[in-house]
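Written out below as structure tokens is the structure these notes cover.
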Amino acid sequence: MTDPAFASQLSALTAALESFEKRIVSEEVPKEAIAGLKSAVDDLRLRLWGVLSTGSADEYRSFQERFRLRRAAEICEGIESELSTGLISPRHGELRRLGEAAEALSGRIQDLAGGSKR
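Pasting the structure below:
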């Protein structure tokens, strides 16, 4: 038996996705803006896959942690590659904050791994 509130949310989500699709097909939405929608849908899909493929809440939390760590590593590797090849401008102000966050994260990982270089 499906919870009526869940069924209502699912119906609203389906309607929203259909609305997005119509706007995208009619080119009301610029291609660049579609990336945010894709990311949200991908994230939801992967979370649902995680729930379905795990047997307990602890397994799901572990799945989420592993997924986030892999995704973060992929993003960092992609940004580093794009900076190296010039696909991302080195003039973005956000780069300093990203560098600081990456440095703090690296230090924390080193500390937790018992191999602190600081």
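Using the working numbering, you'd call the opening residue of the sequence shown number 2 and step up by one each time.
Ideal placement from N, C-alpha and C gives every residue a C-beta, glycine not left out.
Between I76 and E83, the C-beta spacing is not below 8 angstroms. A direct Cα-to-Cα measurement between E101 and E95 gives close to 10 angstroms. In the three-state DSSP reduction, R98 falls in the helix class (H, G or I). T15 carries a helical assignment under DSSP once its states are collapsed to helix, strand and coil.
With a cutoff of 8 angstroms on beta-carbon distance, T55 and F68 are scored as not near each other. Looking at the backbone, the Cα of E78 and that of A103 are separated by about 12 angstroms.
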